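Read the structure below first, then the notes.
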Amino acid sequence: LDIYMKEHRDKMHQLGGEMLDMKAALDTTEKQIIEHQKKKALLLKKISAQERVQQPTSFSRFKPASAFLMPHQPPPNQLRPPPSMYAPRPPSLPPAANAPTRPRPKAAAARKRKAHPSPSPPPLFSSAHHYQQRHSAF
Numbered sequence: 001l002d003i004y005m006k007e008h009r010d011k012m013h014q015l016g017g018e019m020l021d022m023k024a025a026l027d028t029t030e031k032q033i034i035e036h037q038k039k040k041a042l043l044l045k046k047i048s049a050q051e052r053v054q055q056p057t058s059f060s061r062f063k064p065a066s067a068f069l070m071p072h073q074p075p076p077n078q079l080r081p082p083p084s085m086y087a088p089r090p091p092s093l094p095p096a097a098n099a100p101t102r103p104r105p106k107a108a109a110a111r112k113r114k115a116h117p118s119p120s121p122p123p124l125f126s127s128a129h130h131y132q133q134r135h136s137a138f
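Numbering of the sequence shown is given in full-length UniProt numbering, commencing with residue 1 and proceeding in unit increments.
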């Protein structure tokens, strides 16, 4: 029994040492990940700062955007979405051309409010309404 206990204790010490090694490796990996994320964030900040400085020139590189910015000039065929995407709207207009003409939801809500001067519609089941419904048959 003593020999068995000693072997067992040695095995546990060995496993404990392996666990400590693994934990140390995990900690260094986590530190590396954090450092990598910090570097990535710094690079993204630098890139966004450069884009802000170069915005007027970097703009012309994106052909699809510039094609849709000028509605009088139809985009080339390879940039046009499949016809199923804009089946509901007239095919002669690109999506950007009739987007501004749509009424905004806030404006529509304001128009509805103007159309109904009373702030809320009459209650559905008022007592007068009930009386009228019950006694109109007589």
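Just so it is clear, CB atoms sit at the ideal spot from N, CA and C, and this is done for glycine as well. From a predicted model like this one, the values you see are computed outputs, not experimental measurements.
Own chain, CB closer than 8 Å to residue i, minus 5 neighbours either side, in chain order
{"i": "residue 1", "result": "none"}
{"i": "residue 34", "result": "none"}
{"i": "residue 3", "result": "none"}
Alpha helix (DSSP H) segment containing residue i, residue limits
{"i": "residue 42", "result": "2-53"}
Distance between residue j and residue i (C-alpha atoms, nearest Å)
{"i": "residue 43", "j": "residue 30", "result": "20 Å"}
{"i": "residue 9", "j": "residue 38", "result": "43 Å"}
{"i": "residue 47", "j": "residue 25", "result": "33 Å"}
{"i": "residue 36", "j": "residue 12", "result": "36 Å"}
{"i": "residue 20", "j": "residue 5", "result": "22 Å"}
6 Å Cβ shell around residue i - same chain, five flanking residues per side excluded
{"i": "residue 52", "result": "none"}
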